[in-house]
Every structure is written in structure tokens, then in C-alpha cells.
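What follows is a set of notes on a single structure, which appears directly below.
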Amino acid sequence: MSSSQEVPERRNGVQWPVLIGLTVVWVLLWGSFTVANALAGLVVATVVVLVFPLPPIVFGGRVRPLGLARLIGWFAADLVVASVQVAAQALRIGQRPLNAVIEVDLRSRSDLYLTLTAQLLSLVPGSLVVEARRSTSTLFLHVLGVRSLADVEAARRRALRQEERVMRALASEEELAAYRVEGAAS
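Residue numbers for the sequence shown follow my numbering, beginning at 11 and rising by one.
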């Protein structure tokens, strides 16, 4: 595993983007901007950042407009299709929807791509990431509408295609090459 793929350790200290983001969220949650509200948010954000340090997110990739357009387009299509499927399952009276928790081993070893893939999968109705193992790049998805092993494999393939779209939209050439090698090995 190259150094760009190693799992970064948690860092201590102030993480300014996180600090600013948490302060903004605090002010938005209170519903009004006042100096006291912003200062209180800054204090709370500082405590949160120092007590619960996050690992650094390393982005060595590049944004590919065509890949990003595909990612957004497929995500929008997935939202529509999954919404209809979940609504249909909800309207079936007397029939409980079957579900499963499946394990998906992602091919990328990047925290950023793991997080983006997990978020996109969780935003689509009918699937929810219940656990993410950073050390192995493994996601555990709760999936609705699973009636057979074929449905499990279909859900796993959908998750892996989502990861591939994320990679093709944002990864560097080096990351894409490592991703392809990992795919050929699996």
C-alpha cells in the first residue's frame, strides 16, 4: 500500500474548516445571528474539535467534470427509482418488506472516497450504512427489498458502482490506477 493510501492518524489541535463549519451550524440551529450566539458556537465548536479530533481527510485527486456529471446524474436517477420502490413496498398491505444487512468491501482505501460513497448510498431510500470500517474500507448496508441471494448481490454491485462513479469523478490518476489494480485482484 502506498503512502497516499495509508490510513491517516487522528490529529490533535484546531481544525479550522471543521471549527468554522460547526460554528455556522450552531448559529443556524439557534435561528438568529448575534455576536453572543456566534461566540458561544465558537466555544462549543472548539471544545468538540479538541475533545473529538477527526482524522485528516487527504484529497490528492482532481475533479473531472464529466465524471462528476455522471455521478450526479446516476445519483438523481437512483433517488427517483429507489423512492418509487420504497413507496411501493410501503403500500403493500399485509406484506412486510424483507431486508438484509450486507457487507461491501470497497476497493478504494481513501477515507474521503469511503465517506462519500457511504453518504451517497445512505441518501438513497431503501439503503442505509449501519457501519463503516475504516481500516478495511468495508461498509455494512441495511437494504430493503431483499428476497434472495441475487438481490443481495445486486445491492452489493450497486454499492460498488457508486464507489466507482465517485472514483471516476474525483480520484487522481494514481488513485484510479490503484483502484483498478484492486479491482483486478478481487
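Every residue, glycine too, gets a C-beta built ideally from N, C-alpha and C.
{"Asked": "Same chain, Cβ closer than 7 Å to Val54, five either side skipped, listed in chain order", "Found": "Trp36"}
{"Asked": "Extent of the continuous beta strand (DSSP E) run through Ser137", "Found": "137-143"}
{"Asked": "Own chain partners of Ala181 with C-beta closer than 6 Å, once the 5 adjacent residues on each side are dropped", "Found": "Gly71"}
{"Asked": "Reduced DSSP secondary structure (H/G/I, E/B, other) of Phe85", "Found": "helix"}
{"Asked": "C-beta contact flag for Ala92 and Gly136 at 7 Å", "Found": "yes"}
{"Asked": "Neighbourhood of Met11 by C-beta distance below 8 Å, restricted to the same chain and skipping five residues each side", "Found": "Residue placement at Met11 cannot be trusted, given a pLDDT of 41 that sits under 50; the coordinates are not used to answer."}
{"Asked": "Residues bridged to Ala110 (per DSSP)", "Found": "Val153"}
{"Asked": "CA-to-CA distance, His152 to Val34, given in whole angstroms", "Found": "32 Å"}
{"Asked": "Cβ-Cβ separation, Val61 to Gln25 (assumed contact under 8 Å), whole Å", "Found": "Between Val61 and Gln25 the Cβ distance is about 12 Å, and since that is not below 8 Å, they are no contact."}
{"Asked": "Short Cβ contact (7 Å threshold) for Gln172 with Leu130", "Found": "yes"}
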